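*Asks:* Residue numbers (the numbering used here): 41 to 326.
No residue lacks a Cβ here, since even glycine has one placed at the ideal position from N, Cα and C.
A quick note: this is a predicted structure, and the numbers were derived from the prediction, not measured.
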């Protein structure tokens with residue numbers, strides 16, 4: 041099957057792209073890496089009137105370092121993220137997760153902004169951004185908004201992004217010297233869609249401090265497990281009673297059935313992913 045007819049536009053500037061998006065009489069779909077959108081179009085699950093190719097927008101392809109944050113342009117692809125010295129030194133959690141995103145050919149094209157805008161529940165990027173306390177900057181012709189990642193992802197393929205807005209950049213706090221990170225993903229094969237996964241950041245592990253635990257692949261969106269965090273914060277990683285309470289606290293999350301497993305199995309997988317991510321975080325501390 042091939043896509044339905046569409047117009048192809050390739051703007052040279054961000055302003056031109058936003059002008060196309062501001063026309064509410066047409067269905068205009070931005071194209072970043074195309075690793076998700078183009079297959080959907082070929083299956084006719086997406087049928088935009090206009091395909092808006094963003095690949096000439098150099099304004100959105102950058103990585104900038106400041107004392108407290110790294111700002112990443114929406115059109116930066118995964119391979120460039122992994123090759124960036126700024127990312128390697130200052131966002132360790134992203135370096136743990138990037139090798140799990142599909143395969144090298146897709147990482148050469150797929151972008152951080154595209155994955156953020158798509159909000160696939162099984163994608164790694166939304167969970168990473170929440171665990172890292174990132175801020176997503178979006179822009180329209182009329183305004184610019186900064187949205188905490190935790191407030192950006194609303195549901196299955198649903199975000200706080202309006203139809204006339206584009207993600208322009210993502211700001212991630214630079215990791216502190218005492219911060220520790222854990223990541224674990226369950227998949228049938230390396231590079232396949234995640235069946236379940238966990239991204240974790242912490243101020244320390246002995247005891248746990250300032251935990252941010254985020255699950256992906258098990259619900260309608262990347263989910264922060266605040267109930268689990270509250271149980272573990274202030275506890276030592278060897279505290280077996282705290283771990284049992286943390287397992288019980290997982291029940292506060294809304295796990296959902298999908299084609300891979302029931303919600304009950306998803307909850308079990310989430311528990312395994314969390315335990316292994318926490319273990320890797322503690323190993324790093326040692």
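Grab me the residues of residue 188's own chain with a C-beta within less than 7 Å of its C-beta, minus the 5 sequence neighbours each way, in chain order.
*Replies:* 175
*Asks:* Where does the unbroken alpha helix (DSSP H) through residue 128 begin, and where does it stop?
*Replies:* It spans 125 to 130 - the alpha helix (DSSP H) in which residue 128 sits, taken as one unbroken run.
*Asks:* Report the partner residues of residue 26 according to the DSSP bridge assignment.
*Replies:* The structure shown does not extend to residue 26, since the chain spans only 41 to 326, so no value can be given for it.
*Asks:* Curious, which full-length alpha helix (DSSP H) runs of at least 4 residues does the region 240 to 306 contain?
*Replies:* Fully enclosed alpha helix (DSSP H) runs of 4 or longer: 266 to 272 and 280 to 289.
*Asks:* Check the DSSP bridge columns for residue 207 and list the partner residues they point to.
*Replies:* The partner list for residue 207 (beta bridge, DSSP) reads 178.
*Asks:* For the beta strand (DSSP E) containing residue 109, list its first residue and its last residue.
*Replies:* Where residue 109 is concerned, the enclosing beta strand (DSSP E) stretches over 109 to 113.
*Asks:* What do you reckon, are the CB atoms on residue 349 and residue 199 nearer than 9 Å?
*Replies:* The displayed coordinates of the chain run from 41 to 326. Any statement about residue 349 would go beyond what the structure contains.
*Asks:* For residue 277, does the count of other Cβ atoms within 10 angstroms reach 16, so buried, or fall short, so exposed?
*Replies:* buried
*Asks:* So for residue 46, helix, strand or coil by DSSP?
*Replies:* Three-state DSSP puts residue 46 in coil, outside helix and strand.
*Asks:* Is it buried or exposed for residue 44, if we count other Cβ within 10 angstroms and need 16 for buried?
*Replies:* Classification for residue 44: exposed.
*Asks:* For residue 59, does the three-state DSSP call read helix, strand or coil?
*Replies:* Three-state result, residue 59: helix.
*Asks:* In whole angstroms, give me the CA-to-CA distance for residue 283 and residue 299.
*Replies:* 30 Å
*Asks:* Work out the CA separation of residue 248 and residue 48 for me, nearest whole Å.
*Replies:* Residue 48 and residue 248 have their C-alpha atoms spaced approximately 51 Å apart.
*Asks:* Quick one, which of 62, 232 and 72 has its alpha-carbon nearest residue 149's?
*Replies:* 72
*Asks:* Measuring alpha carbon to alpha carbon, tell me which of 312, 131, 75 and 266 ends up nearest residue 235.
*Replies:* 312
*Asks:* For residue 132 and residue 221, which I take to be in contact (beta-carbon distance under 8 Å), what is that distance rounded to the nearest angstrom?
*Replies:* 5 Å
*Asks:* Compare the beta carbon distance of residue 89 and residue 66 with 9 Å and say whether it is the shorter of the two.
*Replies:* Yes, the pair counts as a contact, with Cβ atoms nearer than the cut-off.
*Asks:* Ignore the nearest five residues each way along the sequence and tell me which others in residue 194's own chain have a CB closer than 8 Å to its CB.
*Replies:* So the qualifying residues of the chain are 159, 200 and 261.
*Asks:* Would you mind working out which of 145, 166 and 114 sits nearest residue 134, comparing C-alpha positions?
*Replies:* 166
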